[in-house]
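*Asks:* First to last, the sequence lines map onto chains A and B.
First residue of the first sequence? That's 37 in the numbering used here, and the numbers climb one at a time after it.
First residue of the second sequence? That's 37 in the numbering used here, and the numbers climb one at a time after it.
For each residue, glycine too, the CB sits at the ideal point set by N, CA and C.
This one's a predicted model, so the numbers in the text were calculated from it and none came from an experiment.
Protein chains: 2
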Amino acid sequence: MTIPLFWLVPVAAVSALSFAFLFFKLMMREDEGTERMKKIAQHVRTGAMAYLKQQYKVVTIVFIVLTALFALMAFFGFQNNWVWFAFLTGGFFSGLAGFFGMKTATYAGARTANAAQLSLNKGLQVAFRSGAVMGLVVVGLALLDISAWFIVLNLFVKNLDETHKLVMITTTMLTFGMGASTQALFARVGGGIYTKAADVGADLVGKIEAGIPEDDPRNPATIADNVGDNVGDVAGMGADLYESYAGSILATAALGAAAFISNPALQLRAVLAPMLIAAVGTILSIVGIFAVRTKENASQKELLGALGRGVNLSSLLIIILSYVVIRVLGIPNAVGYWGSIVIGLLSGWLIGKETEYFTSEAYKPTRHIADNAKTGPATVIIAGLGTGMVSTAFPVLTIVIGTMLAYLTASGFDMANVAEGLYGIGIAAVGMLSTLGITLATDAYGPIADNAGGNAEMSGLGKEVRKRTDALDSLGNTTAATGKGFAIGSAALTALALLASYVEEIKVALYRLPAKAAAFESAMEKTLQNASLGDFMEYYNVTLMNPKVLLGMFMGSMMAFVFCGLSMQAVGRAASSMVDEVRRQFREIKGIMEGHAEPDYAACVAISTKGAQREMMVPSLLAIIAPVLMGAVFGVPGVMGLLTGGLATGFVLAVFMANAGGAWDNAKKYIEGGAHGGKGSEAHKAAVIGDTVGDPFKDTSGPSLNILIKLMSMVSIVVAGLTVAWSLL
Amino acid sequence: MTIPLFWLVPVAAVSALSFAFLFFKLMMREDEGTERMKKIAQHVRTGAMAYLKQQYKVVTIVFIVLTALFALMAFFGFQNNWVWFAFLTGGFFSGLAGFFGMKTATYAGARTANAAQLSLNKGLQVAFRSGAVMGLVVVGLALLDISAWFIVLNLFVKNLDETHKLVMITTTMLTFGMGASTQALFARVGGGIYTKAADVGADLVGKIEAGIPEDDPRNPATIADNVGDNVGDVAGMGADLYESYAGSILATAALGAAAFISNPALQLRAVLAPMLIAAVGTILSIVGIFAVRTKENASQKELLGALGRGVNLSSLLIIILSYVVIRVLGIPNAVGYWGSIVIGLLSGWLIGKETEYFTSEAYKPTRHIADNAKTGPATVIIAGLGTGMVSTAFPVLTIVIGTMLAYLTASGFDMANVAEGLYGIGIAAVGMLSTLGITLATDAYGPIADNAGGNAEMSGLGKEVRKRTDALDSLGNTTAATGKGFAIGSAALTALALLASYVEEIKVALYRLPAKAAAFESAMEKTLQNASLGDFMEYYNVTLMNPKVLLGMFMGSMMAFVFCGLSMQAVGRAASSMVDEVRRQFREIKGIMEGHAEPDYAACVAISTKGAQREMMVPSLLAIIAPVLMGAVFGVPGVMGLLTGGLATGFVLAVFMANAGGAWDNAKKYIEGGAHGGKGSEAHKAAVIGDTVGDPFKDTSGPSLNILIKLMSMVSIVVAGLTVAWSLL
């Protein structure tokens, strides 16, 4: 049961992985520079790998426990036997994507610094191609895993008719998404705590107290800081976006299977559509990556133009080709679904622009925060929090309008056509992420440039080189804003799609519980097979007048805040230990400040590693346990309240934290560029404090929220069988 | 149509107002102290009155415009003719409650300081009795207005049968709640901006830059700061709690009318029950106030015990007497409803205790924040934000469990008995607020003690007096925590009740629109009269699978953040002007620091006044416009999404901001008490920055959120006729 066009998906996967390998080899051929550069790179590499090993150990234990529980659930008939295995592979591939990305990044840092000695353009090439490795590995592994599972399940699932087989296959594949989400959450939270503990510690003692520049080799936390960029911003982001990408495709496939259940031929095509759009987008991303080239001695603006050209080319081509894909698949209302794709792409782009407006030093909001630095740290913090909160209006409005339009075009402007409308929302998410291969490349290249800067500083490569890596880094900040727009926007859309998948899973669960199914059928006076999403809403009373739904929403909202609070506290605690350690070294190791003695870098690396390991457990496990408990007490309406409350609050909170953090960072950079007295002024000190507060906002708590809201949905989907079978109220 | 017991309500109202007048007279008889004390008090009084006049001017214009719009709506048949008038009186009485409270407070400040010269106990008596004026005025005016409207509407509404008359009367009276909410929002936002602009400005330049103590007469912003305590913490809080109190009673009455619509005799009793519980609670509050007395030279602990005794006595008596009230009314399932009342009271008390745990320097969370001051302002801020976020878990769990229990006991443990269950939630809110007369007295006395301290400092009354007023102030901080628990908890419960009232109003609106009503009746196959809340949910598809509901939730969530962001920014801007002005005066007026020249207090008062006036408009109007727009575009499901999203996020955000702000404040006080180097240390400076960031959290944005979530519901209720008549999608 499949169509020839399907084979485009594994082909795209293999192409992406092949090009990733090619770019990796090309990068490795570059010279890593002087002995000192190599040594520093080795330090960072060792630290990063040591951390990742530690993290994988902890996560492995979590996965073993969860897999055992899922196997038990399957044994007692609350799930099918594929679930635990799908869960495992999702986790494995998500981790693998992060691992490859990080490995590449740790090799690329010094090489970029060395290349930047020749020219800015050469530096860009090395850094961007290395970022492309990450982008292509993420999409390649995701498409590979998705197509492999699709083939395997098609072969082995036998005792169902075609249409229900597809529903079963797609909902089972969602479990694979849960594995990816679980891995991603640990990677984001753990990596986020690691990097920010190091960063905050290094900044507070090094920059503020000792007055030495960023990445100065005299700062004992500087290696930990650079390791952190790799484990948080690279490995964490890789696992995160792997999850977003796979999640959006899988959720949309499940919605397609549900929406077209009455038409077997069409149903298969609707399931394949998101995969094919992603496959085409991946090939176009490779094309786009090759388009990123610029003349020697290009200005920064020209470099940005070069990056933009690559992204724009891929986006433009996907707009054209996705229409072709839908037409070739023969899905009716092709223009409508194509509209959803275009709306998704545009919304992502728009959120990127909005993020840029609120966080770039070129615009009013960030400059306003910088102005407030003149009256001290308190007003910087107040202005940043205020601006961050106000900034949420724009991405939310964009998503609200975009989602409604995607729903309307997909449903043929018929609000009552819920199934196709929701499928349209999923398609919009897939559209938004279709060119992830290249957008992630422009995003991942940022931390590589950052690390190159660190290496250049520590190796004493001279001001010109540092200036070039700074230019690359600042370019990375701008492209990162776009990347964040896609990550946040797609998370909101995917979570909406997952909500619908949850209801589908309820249906699947009822099939497994004959007594419950009979009760449903007699109450609703229709067969389970013919029941619509609305029927399940009615049967389980998932309306806004059910206190279980409303109180579930309170809990969801609270979960988002508590999760952020826990990760903020974790960063605070780990950073405090770091500060104490750095102060101790400055005090006890004589000659550090004069450059006579080398600081004990390893001690700081160990503190970040231990801190991250210890602190990542509670918030991550909370995200897994909350939906299970809610289901056990309040049942289906409570779970849906939890998910929607968590989604609404988590989405807005994530935007707030990302934007406030980004704006503080750039307000500081704006002052460092000479405004309000420049480096060393009182205003600068105040801005550094703002930036420090913003660190866990934008790199720990904020991005983790995107995963949280999806993971809670995934968990609910996996345990839906239990929730349907029994709940207290 | 009424029963004799009803007359207890106006009797309680008149008693409360009489005792308020008595306490006011008693306070006025006290000596205001030395000439200098009188002069300073006069400064504060003039500033406060000048501000209030300005604010009322602006608010009057808003009320004129809104009243005209409501009159137009009534003219075109979308509302009845009482609405605009009820709206006006609600606004008027809410403003009046704030005005009286503030007038008393501005007279009481110097008198408390003077009394504190004699003994701590004497100071407590004056401050507490003055606080009682506020408490009794708020509940007295609310009950007076409610009973007057009830009588008037009973007399004039004629062309309806008894049961529908009561539904019409109670929903019309809700409009009166909207007037109160509108006034309260302006008072809270305007007052909050005023007080925090002055406070932040005074602290940043005075404490941190110039190193002079709080309330030092050399600080030009010190009078503005003291005025701010009165306009923000007293007038703002008065209008706020007037609104909470009236809102909970009115919403519950409306739910009672709806729940017992099929039984006219019972219906009237269910409508009167919340009024009577409030009336009895008011009389018990007066009893409790008289119980607050202690022996001469009591210790601080004994004083706290004395306050606690008063509150506990009233609470204990209401637990007993509310059962009597319900039994006398003859409402069936008396034990169930009584259970709801007790659960409401307990939940309020519990949230108070939780607030105390997270914000008092006696416990770990606040000390942890203080510990973080050792590593500088950034870690103080991160720790405070983290702790505040984590702290939301407890009040949310309390409300979730409390609401569910109140629902269950009231509905006879039948989840499907929605109408009575929701009525039980309303009854729980009324129970929680029933003894507001005394809890507000213990709350309002705090700012009076604070002002007394300011007056003592500025008048140079000596350390002993300042120490006593500080003891009173710190006592006030503890009781304020309890007060905040009641304010936040009741807001959540009342907002839940208002959601149900919204659906009731939809029904009323349909009666007015025959074509729409006919469409409803034919689709649902039942008459409008027999339709349940669930039927409206089904007809309007207010389920979690309707994208309008989900996107409405996004918007509601976003509204809470944007509203906070706007008020934070407003404080930031106004505080910046204040900082500039204070710096200018220190620079230009020679001899201030030496005490030779008097600073220009009036200039600072003018800056706060202007700042508050200018800045309060946008966030307040946003709250009024958002539900109207949402109704016009997404219709009923969108509005309900907006309200629930706003409620879930707003509730949690409010708790977060209140607790983080309170904890920073007390972490600073803990350090000032000698920890981590005490006053003047680096840790103290860091803690002052935390406190400054917390100022708008706990006194501007946080408390305004409570009003925002209710005002949005009230607005939706008032414009329901328009929403039902027409919406875009």
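According to DSSP, which residues form a beta bridge with residue 579(A)?
*Replies:* The residue you call residue 579(A) lines up with position 543 of the first sequence. According to DSSP, which records beta bridges pairwise, residue 579(A) is partnered with 579(B).
*Asks:* For the stretch 416-424 of chain A and the stretch 712-727 of chain A, state whether three or more C-beta atom pairs, one from each stretch, are separated by less than 8 Å.
*Replies:* Touching, yes.
*Asks:* Is there a Cβ from chain B that is less than 8 Å from the Cβ of residue 591(A)?
*Replies:* Numbered from 1 along the first sequence, position 555 holds the residue referred to as residue 591(A). Chain B, which has a Cβ nearer than 8 Å to the Cβ of residue 591(A), makes this yes.
*Asks:* For a contact meaning CB atoms closer than 8 Å, what does residue 434(A) contact in chain B?
*Replies:* If you number the first sequence from 1, residue 434(A) lands on position 398. What residue 434(A) touches in chain B: nothing, since even the nearest Cβ is about 11 Å away.
*Asks:* Can you name the residues of chain A whose CB is closer than 8 Å to the CB of residue 399(B)?
*Replies:* As a first step, residue 399(B) is located in the second sequence; it is residue number 363 there, counting from the start. Going along chain A, no residue has its Cβ under 8 Å from residue 399(B), so there is no contact; the nearest lies around 15 Å.
*Asks:* Cα separation between residue 558(A) and residue 673(A)?
*Replies:* To locate residue 558(A), count along the first sequence from 1; it is residue 522. To locate residue 673(A), count along the first sequence from 1; it is residue 637. Going from the Cα of residue 558(A) to the Cα of residue 673(A) covers about 20 Å.
*Asks:* Cα separation between residue 459(A) and residue 291(A)?
*Replies:* As a position in the first sequence, residue 459(A) is number 423, starting the count at 1. As a position in the first sequence, residue 291(A) is number 255, starting the count at 1. Using only the alpha carbons, I get a separation of about 5 Å.
*Asks:* To the nearest angstrom, how far is the alpha carbon of residue 685(B) from that of residue 692(B)?
*Replies:* As a first step, residue 685(B) must be located in the second sequence, where it is residue number 649. As a first step, residue 692(B) must be located in the second sequence, where it is residue number 656. Straight-line Cα distance between these residues: approximately 10 Å.
*Asks:* In chain order, what are the residue ranges of uninterrupted alpha helix (DSSP H) at least 4 long that sit wholly in the stretch 334-420 of chain B?
*Replies:* Here the runs fully enclosed are 336-365, 370-395 and 400-408.
*Asks:* Is the CB-CB distance between residue 787(A) and residue 224(A) below 8 Å?
*Replies:* As shown, chain A starts at 37 and ends at 765. That puts residue 787(A) outside it, with no answer to give.
*Asks:* Using the beta-carbon count (16 or more within 10 Å), is residue 113(A) buried or exposed?
*Replies:* Position 77 of the first sequence, counted from the first residue, corresponds to residue 113(A). When all chains shown are included, residue 113(A) counts as exposed.
*Asks:* Decide if residue 79(B) is buried, meaning its Cβ has at least 16 other Cβ atoms within 10 Å, or exposed.
*Replies:* Reading the second sequence from its first residue, position 43 is the one you call residue 79(B). When all chains shown are included, residue 79(B) counts as buried.
*Asks:* Step through the CB atoms of chain A and report whether any lies within less than 8 Å of the CB of residue 600(B).
*Replies:* Taking the second sequence and counting its residues from 1, the one referred to as residue 600(B) is at position 564. Yes, because at least one Cβ of chain A sits closer than 8 Å to the Cβ of residue 600(B).
*Asks:* Find the residues of chain A that neighbour residue 443(B), judging by a C-beta separation of less than 7 Å, and give them in chain order.
*Replies:* As a first step, residue 443(B) must be located in the second sequence, where it is residue number 407. Those are 583, listed as they occur along chain A.
*Asks:* Would you mind telling me which residues of chain B sit closer than 7 Å to residue 732(A), beta carbon to beta carbon, in chain order?
*Replies:* Your numbering for residue 732(A) matches position 696 in the first sequence. Simply 418.
*Asks:* For residue 105(A), tell me which candidate among 763(A), 762(A), 764(A) and 751(A) has the shortest Cα-Cα distance.
*Replies:* On the first sequence, position 69 is the one that residue 105(A) refers to. Per the Cα distances, 751(A).
*Asks:* Any beta carbon of chain B sitting closer than 8 Å to that of residue 408(A)?
*Replies:* If you number the first sequence from 1, residue 408(A) lands on position 372. At least one chain B Cβ lies under 8 Å of residue 408(A).
*Asks:* Are the Cβ atoms of residue 446(B) and residue 367(B) separated by less than 8 Å?
*Replies:* Working through the second sequence from its first residue, we reach residue 446(B) at position 410. Working through the second sequence from its first residue, we reach residue 367(B) at position 331. No, these two residues do not count as a Cβ contact at 8 Å.
*Asks:* Residue range of the alpha helix (DSSP H) that residue 641(B) falls in?
*Replies:* Numbered from its first residue, the second sequence carries residue 641(B) at position 605. Element bounds for residue 641(B): 637-708.
*Asks:* I'd like to know whether the C-beta of residue 574(B) is nearer than 8 Å to at least one C-beta of chain A.
*Replies:* Indexing the second sequence from 1 puts residue 574(B) at position 538. Cβ-Cβ to chain A under 8 Å: yes for residue 574(B).
*Asks:* Kindly indicate which three-state DSSP category residue 712(A) falls into: helix, strand or coil?
*Replies:* Mapped onto the first sequence, residue 712(A) falls at position 676. Residue state, collapsed to three classes: helix.
*Asks:* Answer yes or no: does any C-beta atom of chain A fall closer than 8 Å to that of residue 653(B)?
*Replies:* By one-based count along the second sequence, residue 653(B) stands at place 617. No, its Cβ sits nowhere closer than 8 Å to a Cβ of chain A.
*Asks:* Of the residues that make up the stretch 687-707 of chain A, which ones have a beta carbon closer than 8 Å to any beta carbon in chain B?
*Replies:* Result list: 687, 688, 689 and 692.
*Asks:* In the DSSP assignment, find the unbroken alpha helix (DSSP H) run with residue 316(A) in it and report its ends.
*Replies:* If you number the first sequence from 1, residue 316(A) lands on position 280. 300-327 is the extent of the alpha helix (DSSP H) around residue 316(A).
*Asks:* Tell me where the alpha helix (DSSP H) around residue 127(B) begins and ends.
*Replies:* The residue labelled residue 127(B) in the question sits at position 91 within the second sequence. Where residue 127(B) is concerned, the enclosing alpha helix (DSSP H) stretches over 119-154.
*Asks:* In the DSSP assignment, find the unbroken alpha helix (DSSP H) run with residue 560(A) in it and report its ends.
*Replies:* As a working mapping, residue 560(A) is identified with position 524 in the first sequence. It spans 550-560 - the alpha helix (DSSP H) in which residue 560(A) sits, taken as one unbroken run.
*Asks:* Interface residues of chain A around residue 413(B) at Cβ under 7 Å?
*Replies:* As a working mapping, residue 413(B) is identified with position 377 in the second sequence. Correct list: 413 and 725.
*Asks:* Helix or strand or just coil, what does DSSP make of residue 91(A)?
*Replies:* Indexing the first sequence from 1 puts residue 91(A) at position 55. In this structure, residue 91(A) counts as helix in the three-state DSSP scheme.
*Asks:* Where does residue 763(B) fall in DSSP's three states?
*Replies:* The count along the second sequence starts at 1 and reaches residue 763(B) at position 727. Coil.
*Asks:* Pick from 426(B), 204(B), 298(B) and 668(B): whose alpha carbon is nearest that of residue 758(B)?
*Replies:* Numbered from its first residue, the second sequence carries residue 758(B) at position 722. Measuring from the Cα of residue 758(B), the nearest candidate turns out to be 668(B).
*Asks:* Which two residues bound the contiguous alpha helix (DSSP H) that contains residue 268(A)?
*Replies:* Along the first sequence, one-based indexing puts residue 268(A) at 232. Unbroken run through residue 268(A): none, as it is neither H nor E.
*Asks:* Roughly how far, in whole angstroms, is the beta-carbon of residue 476(A) from the beta-carbon of residue 519(A), given that I think they are within contact range, below 8 Å?
*Replies:* As a first step, residue 476(A) is located in the first sequence; it is residue number 440 there, counting from the start. As a first step, residue 519(A) is located in the first sequence; it is residue number 483 there, counting from the start. With a Cβ gap of about 7 Å, residue 476(A) and residue 519(A) count as contacting.
*Asks:* Do residue 405(B) and residue 434(B) come within 8 Å of each other at the CB atom, strictly closer than that value?
*Replies:* Residue mapping note: residue 434(B) aligns to position 398 of the second sequence, counting from 1. Residue mapping note: residue 405(B) aligns to position 369 of the second sequence, counting from 1. Cβ atoms of residue 434(B) and residue 405(B): not closer than 8 Å.
*Asks:* Are the stretch 524-542 of chain B and the stretch 174-181 of chain B touching, with three or more C-beta to C-beta distances below 8 Å?
*Replies:* Too few Cβ pairs lie closer than 8 Å, so no.
*Asks:* Suppose contacts are defined by Cβ-Cβ distances below 8 Å. Is residue 381(A) in contact with residue 355(A) by that definition?
*Replies:* Residue 381(A) sits at position 345 when you count from the first residue of the first sequence. Residue 355(A) sits at position 319 when you count from the first residue of the first sequence. It is a contact, given that the beta carbons lie within the stated cut-off.
*Asks:* Quick one: residues in its chain with C-beta nearer than 8 Å to the C-beta of residue 593(A), no 5 flanking neighbours on either side, listed in chain order?
*Replies:* One-based indexing of the first sequence puts residue 593(A) at position 557. Here the set comprises 681, 682, 684 and 685.
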